[in-house]
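Since the structure comes first, as structure tokens, the remarks are kept for the end.
2 protein chains.
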Amino acid sequence: MIRKKVKLAYITNDSSRKATYKKRKKGLMKKMSELSTYCGIDTCAIMYSPYESETEFWPSP
Amino acid sequence: MIRKKVKLAYITNDSSRKATYKKRKKGLMKKMSELSTYCGIDTCAIMYSPYESETEFWPSP
DNA sequence: GATTCTATTGTTAGATG
DNA sequence: ACATCTAACAATAGAAT
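Protein chains in written order, with UniProt numbering: chain A, 1 to 61; chain B, 1 to 61.
The following block contains the structure:
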């Protein structure tokens with residue numbers, strides 16, 4: 001399996017872009033949660049998207 | 001060089017915790033910025049900490 | 001205490017069910 | 001459309017400077 005290097009630019013293909021959004025959102029949420037835990041601090045991430053809008057806080061209010 | 005697997009918990013050592021905060025904040029900011037670019041959406045990350053407080057938006061206002 | 005190094009762990013693009 | 005797989009790629013813990 002060979003993956004092409006992805007350049008940092010808007011993904012024009014609709015399904016690829018949505019798939020990337022879903023995967024990366026999940027990864028980001030995890031990392032924000034980890035930072036909150038490791039450092040004992042409050043964090044919040046906001047992502048607006050056509051698919052949905054997400055606002056999440058850590059630690060969970 | 002052997003690195004122990006880190007468990008997901010508050011890092012009690014002050015300098016380790018601060019170092020982790022700095023490194024992970026940088027990584028998170030990069031990823032938020034990438035998500036904004038890849039998907040053409042607005043994102044925002046907020047991190048409160050004793051060291052500083054950070055709020056950043058993408059794309060840059 | 002900031003910066004750099006790198007072994008290791010973690011994330012994810014594209015493929016496949 | 002959604003879940004899972006995994007090679008390729010990226011982030012980072014701990015050490016060194």
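Where is the CB? At the ideal position from N, CA and C, for every residue including glycine.
Tell me, to the nearest whole angstrom, how far the beta carbon of residue 49/B is from that of residue 44/A; I am working on the premise that it is less than 8 Å. Wrong, their Cβ atoms sit about 13 Å apart, outside the cutoff.
Please list the partners that residue 49/A has in chain B, where partner means a Cβ-to-Cβ separation under 8 Å. 39, 41, listed in chain order.
Is the distance from the Cβ of residue 47/A to the Cβ of residue 41/B below 9 Å? Annotated as proximal: residue 47/A and residue 41/B, with beta-carbon spacing under 9 Å.
Tell me where the beta strand (DSSP E) around residue 43/A begins and ends. Looking at the DSSP string, the run of the beta strand (DSSP E) that includes residue 43/A is 43-48.
Pick from 8/B, 22/B, 26/B that is closest to residue 51/B, judged by C-alpha positions: Closest option to residue 51/B, Cα to Cα, is 22/B.
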